[in-house]
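Trainee:
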Amino acid sequence: MALFHCMALPDPVYDNVLPLTNRLAPAAQREPIEEQDDIHYASIHISHSENQEVPCSSAGFPVQSRQTEEPPSLHVCCDHAFHQLNLCVLFILNEMCLFFTVLQGNDDWTVTCTSSNVCSVRGSTVDISCTFKYPEKQHDLSTTVLETLWFTKEDRNQKPVDLLSDADYTGRVESSCGEISCIGSSCNRKCTLSIRDLRQSDSAVYNFRFKTNQPGGEHTANPGVALSVTDLQVKVSPRDDETKNLDCDSMCANPTIIWYRNGQYFEQRKAQGRSYWDNINSFNSYSCAVKGYERLHSPSVCKSTPQYADMSSMFFHSHHISAVKTTAIMALFLIYFSGLKENWCNTVSYPTRTMCVLQGTSVDISCTYSHPPNAQLYYKSWFKWRANQEPRDLQSDSGYEGRVEYPVEETGRSTLRITDLRVTDSAEYRFTFKTTYYEWKGILHGTTLTVTGLRVEVTPVATVTEGQRATLTCITSCPLADKPSYIWYQNNGPVTGSENPENQLVLDPVGPQHAGSYSCSVRNYPHLRSPEETLTPEVVLSLQIDSCFWLLFKDKLD
């Protein structure tokens, strides 16, 4: 639907608009114009097919006339020239009197997102999708989409900051758009933003914008998509004298919760929603996860500091001492257990869930663990998680021979060190231990390691025309930790001034001096370079024939 709003041009081009009932009367019969506050003007709505120009047409007179005779029709014309400017002309009695501005209907330009609110777990991957609609053609101009972008903030000039170039999201975001689908005169396209390794700082409103070649053809989703990133946490509270209530705290609405006890899944027969209740043993730890995100479980927690009865029972049982309650023994318990509030139960925690490390370097993967103090620890090891396979100590794994060690450890903390990393070392690593009373089998997810190499990508292509712009990107399969600096090499020598935190080398404009082989490395590891990529600038020759030469040999050439 095209909307036409009747506008009068001010003096001196045309005289001021008179009430139409008076303007249409013959000059001799026109009544004197009295000043009035409620003068009625004309407003006309005309519909036309979306794939056609607005035709010249007639419209009924919209204002009540004081005359008894039938009012003359109003002649509206939007020819090609006016249509290009979004203007139409209203003729009354063959005299041009008013201009119309043509307003494009809002339904022709829309941005619709799948959801206005999304909630996800820290460390997971989330997809946010929006579909935008636009007219295939407008004002005799075919619509071309020039740009699509996602953003959460604007710069000092109030221009959106593309997430793909936002340092806070480096290596963690991807944007993709599907095929353009056109039905009739309307086209639509779906674009998706993927964010990996979600952080709580990613909680924000995500906006999508697209820009076309049409005048004013820039549109933003309203509202955007509000993303909430939650970190799971188990909270313990009393239920009655004998049972405790465990709540899996999450900002996400109505998630399906899975519970773990001592690192192993157990059936929640006494679960309701996010809560679980039972007669909880002081020596057990509990963890929860959202179904579908089991890898992103909460940290394990204990019920509370053990009561004196628990401590004395364990002490007497392990030392075969009769339960003689004396002041001296009570004092010993208070001293012995005073520092065990956090380390009383069976638990393993991994401070880092995901790691991205450069091929050829070394990595340290750590965890903290605890067990009841009366239980003797006699075995501990690290293993590479393999589905449906028994854990195998990495120190006896032939694939890691000579590359694995457990450095000197402090109580309650273990570290796995892998040297000379290979891409095949990419896996999930878990810790296990055994005591005289319990075996931690490592069912809970541990730390996922991704080992990446380096490679150079040239855009637009490796063969470019001199004078064009070329961008070289040092690509990794995952974002390296600590945002390292990159170094570029041309023909095996360092490119002057190329070291910076950005992983790109921009050549603009490309000249003959840029021809050669390029590679990249990360600072502190200059020996671990990427394979070389060759850049070939091409020269475009243009043949110009002097006009005098052309006239001289024209006849012979003919």
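With this note's numbering as the guide, the letters of the sequence shown map in order to residues 812 to 1369.
Using N, Cα and C, we set each Cβ at its ideal position, and we do this for glycine too.
Keep in mind it's a predicted model, so treat the numbers as computed, not measured.
(1) Count the other C-beta atoms from every protein chain shown that fall within 10 angstroms of the C-beta of Asn1157, then say buried if there are 16 or more, exposed otherwise.
(2) When you compare the CB positions of Lys944 and Asn1024, do they come within less than 8 Å of one another, or not?
(3) On a Cα-Cα basis, can you pick out the residue from Lys1252, Gly1264, Ala1037, Leu1255 that is closest to Ile1289?
(4) Have a look at Ser927 and Trp1155 and give me their C-alpha separation to the nearest angstrom.
(5) Kindly list the residues whose CB is nearer than 7 Å to the CB of Ile1298, restricted to its own chain and excluding five residues on each side of it in sequence; keep chain order.
(6) Assign Ile991 to buried or exposed, taking buried as 16 or more other Cβ atoms, counted over all protein chains shown, within 10 Å of its Cβ.
(7) From the DSSP output, in three-state form, read off Glu1438 for me.
(8) With 16 as the cutoff for other CB atoms within 10 Å, does Lys964 come out buried or exposed?
(9) For Trp1088, collect the residues of the same chain with a Cβ closer than 6 Å to its Cβ; drop the 5 residues on either side in sequence, then sort them by chain order.
(10) Considering only C-alpha positions, which residue in the set Pro1312, Thr1276, Asn1018 is nearest to Ala1037?
(11) Verify whether the separation of the beta carbon atoms of Phe1021 and Val972 is less than 8 Å.
(12) To the nearest angstrom, how far is the alpha carbon of Leu1205 from that of Gly1028?
(13) Is Gly934 helix, strand or coil by DSSP?
(14) Return yes when the Cβ of Leu1232 is within less than 8 Å of the Cβ of Thr1270, no when it is not.
(15) Ends of the beta strand (DSSP E) at Asp1060?
(16) Could you spell out where the beta strand (DSSP E) holding Asn1018 opens and where it closes?
(17) Can you confirm whether the region 1270–1286 touches the region 1233–1252 when touching is taken to mean that 3 or more C-beta pairs between the two stretches lie within less than 8 Å?
(18) Take the Cβ of Leu1043 as the centre, count every other Cβ of all protein chains shown within 10 Å, and call the residue buried at 16 or more, exposed below.
(19) Suppose you measure from the CA of Tyr1104 to the CA of Phe1194; what does that come to, to the nearest Å?
(20) Which first and last residues belong to the beta strand (DSSP E) in which Asn999 is found?
(21) May I ask you to report which of helix, strand or coil DSSP gives Ala1238?
(22) What are the residues that DSSP puts in a beta bridge with Asn928?
(23) For Gln949, which beta-bridge partners are listed by DSSP?
(24) How long is the line joining the alpha carbons of Ser1207 and Gln1301, rounded to whole angstroms?
(25) Nearest to Gly1253 by alpha carbon, out of Tyr1217, Val1159, Asp951, Asn1314?
(26) Smallest Cα separation from Gly982: which of Leu1291, Glu1343, Ile939?
(27) I need the boundaries of the beta strand (DSSP E) containing Pro1348, first residue and last residue.
(28) Can you give me the C-alpha to C-alpha distance between Ser997 and Ala1015, rounded to a whole angstrom?
(29) To which residues does DSSP link Phe1244 through a beta bridge?
(30) Quick check on Ser1309: does DSSP put it in helix, strand or coil?
(31) Pick out whichever of Thr1347, Ile1229, Tyr1240, Val1234 has its Cα sitting closest to the Cα of Ala1281.
(32) In angstroms with no decimal places, state the Cα-to-Cα distance between Arg1340 and Pro1312.
(33) Out of curiosity, what's the CA-to-CA distance linking Asp1236 and Trp1196?
(34) In chain order, what residues of the same chain lie with their CB nearer than 7 Å to the CB of Gly989, ignoring the 5 residues before and after it?
(35) DSSP three-state label for Asp979, please.
(36) Which term fits Ala1100, buried or exposed, when burial requires 16 or more other beta carbons within 10 angstroms of its beta carbon?
Mentor: Concretely, from the data shown:
(1) Numbered from its first residue, the sequence shown carries residue 1157 at position 346. Under a 10 Å Cβ-count criterion, Asn1157 is classified as buried, with 16 or more other Cβ atoms of the shown protein chains found around its own Cβ.
(2) Along the sequence shown, one-based indexing puts residue 944 at 133. Along the sequence shown, one-based indexing puts residue 1024 at 213. At the C-beta level, Lys944 and Asn1024 stay beyond 8 Å of one another.
(3) In the sequence shown, residue 1289 corresponds to position 478, counting from 1. Ile is not the amino acid found at residue 1289; the sequence shown has Cys there. When each option's Cα is compared against that of Cys1289, the closest is Gly1264.
(4) Start at 1 with the first residue of the sequence shown, and residue 927 comes out as number 116. Start at 1 with the first residue of the sequence shown, and residue 1155 comes out as number 344. Within the model, the alpha-carbon separation for Ser927 versus Trp1155 is close to 44 Å.
(5) For the purposes of this step, residue 1298 is identified with residue 487 of the sequence shown, where counting begins at 1. Cβ within range, chain order: Pro1305, Ser1309, Glu1310, Cys1331, Ser1332, Arg1334, Pro1337.
(6) Residue mapping note: residue 991 aligns to position 180 of the sequence shown, counting from 1. Within a 10 Å sphere around the beta-carbon of Ile991 sit fewer than 16 other beta-carbons, which makes this residue exposed.
(7) The shown model of the chain, from 812 to 1369, leaves out residue 1438, and the question about it has no answer.
(8) One-based indexing of the sequence shown puts residue 964 at position 153. So Lys964 counts as exposed.
(9) Against the sequence shown, residue 1088 aligns to sequence position 277. Arg1050, Thr1054, Asn1056, Lys1081.
(10) As a working note, residue 1037 is residue 226 in the sequence shown. The candidate whose alpha carbon is nearest that of Ala1037 is Asn1018.
(11) On the sequence shown, residue 1021 is found 210 positions in, with the first residue counted as 1. On the sequence shown, residue 972 is found 161 positions in, with the first residue counted as 1. The criterion of a C-beta distance shorter than 8 Å is not satisfied by Phe1021 and Val972.
(12) By 1-based counting over the sequence shown, the position of residue 1205 is 394. By 1-based counting over the sequence shown, the position of residue 1028 is 217. One C-alpha to the other measures close to 59 Å.
(13) Here residue 934 refers to the residue found at position 123 when the sequence shown is read from its first residue. Residue state for Gly934 is assigned as coil, using DSSP reduced to three classes.
(14) The residue given as residue 1270 occupies position 459 in the sequence shown. The residue given as residue 1232 occupies position 421 in the sequence shown. Against a cut-off of 8 Å, the Cβ pair of Leu1232 and Thr1270 comes out as no contact.
(15) In the sequence shown, the residue the question calls residue 1060 occupies position 249. Per DSSP, Asp1060 is one residue of the beta strand (DSSP E) stretching across 1055–1060.
(16) For the purposes of this step, residue 1018 is identified with residue 207 of the sequence shown, where counting begins at 1. Looking at the DSSP string, the run of the beta strand (DSSP E) that includes Asn1018 is 1015–1023.
(17) Segments in contact, no.
(18) On the sequence shown, position 232 is the one that residue 1043 refers to. So Leu1043 counts as buried.
(19) On the sequence shown, position 293 is the one that residue 1104 refers to. On the sequence shown, position 383 is the one that residue 1194 refers to. Straight-line spacing of the CA atoms in Tyr1104 and Phe1194 works out to 22 Å.
(20) Here residue 999 corresponds to residue number 188 of the sequence shown, with the count starting at 1. It spans 997–1006 - the beta strand (DSSP E) in which Asn999 sits, taken as one unbroken run.
(21) Within the sequence shown, the letter at position 427 stands for residue 1238. If DSSP states are grouped into helix, strand and coil, Ala1238 belongs with the strands.
(22) The residue labelled residue 928 in the question sits at position 117 within the sequence shown. According to DSSP, which records beta bridges pairwise, Asn928 is partnered with Ala1037.
(23) As a position in the sequence shown, residue 949 is number 138, starting the count at 1. The partner list for Gln949 (beta bridge, DSSP) reads Leu952.
(24) Numbered from 1 along the sequence shown, position 396 holds the residue referred to as residue 1207. Numbered from 1 along the sequence shown, position 490 holds the residue referred to as residue 1301. Cα to Cα, the separation comes out at about 43 Å.
(25) Numbered from 1 along the sequence shown, position 442 holds the residue referred to as residue 1253. It is Val1159 whose Cα lies nearest to the Cα of Gly1253.
(26) The residue given as residue 982 occupies position 171 in the sequence shown. Considering only alpha carbons, the answer is Leu1291.
(27) Indexing the sequence shown from 1 puts residue 1348 at position 537. Per DSSP, Pro1348 belongs to the beta strand (DSSP E) from 1344–1349.
(28) Taking the first residue of the sequence shown as 1, we reach residue 997 at position 186. Taking the first residue of the sequence shown as 1, we reach residue 1015 at position 204. As the crow flies, the alpha-carbon of Ser997 is around 32 Å from that of Ala1015.
(29) Stepping through the sequence shown from its first residue, residue 1244 is reached at position 433. DSSP lists Lys1191, Trp1251 as the beta-bridge partner residues of Phe1244.
(30) Here the question's residue 1309 lines up with position 498 in the sequence shown. Coil, per DSSP.
(31) Here residue 1281 corresponds to residue number 470 of the sequence shown, with the count starting at 1. Out of Thr1347, Ile1229, Tyr1240, Val1234, Thr1347 has the C-alpha closest to the C-alpha of Ala1281.
(32) As a position in the sequence shown, residue 1340 is number 529, starting the count at 1. As a position in the sequence shown, residue 1312 is number 501, starting the count at 1. The alpha-carbon of Arg1340 is positioned some 16 Å away from that of Pro1312.
(33) Residue numbering aside, residue 1236 sits at position 425 when the sequence shown is read from its first letter. Residue numbering aside, residue 1196 sits at position 385 when the sequence shown is read from its first letter. Taking the straight line from one Cα to the other gives about 11 Å.
(34) For this step, residue 989 is matched to residue 178 along the sequence shown. Arg1000, Lys1001.
(35) As a first step, residue 979 must be located in the sequence shown, where it is residue number 168. In the three-state reduction of the DSSP assignment, Asp979 falls in the helix class, which pools H, G and I.
(36) What you label residue 1100 is simply residue 289 of the sequence shown in a count that begins at 1. Ala1100 is buried by the Cβ-count criterion.
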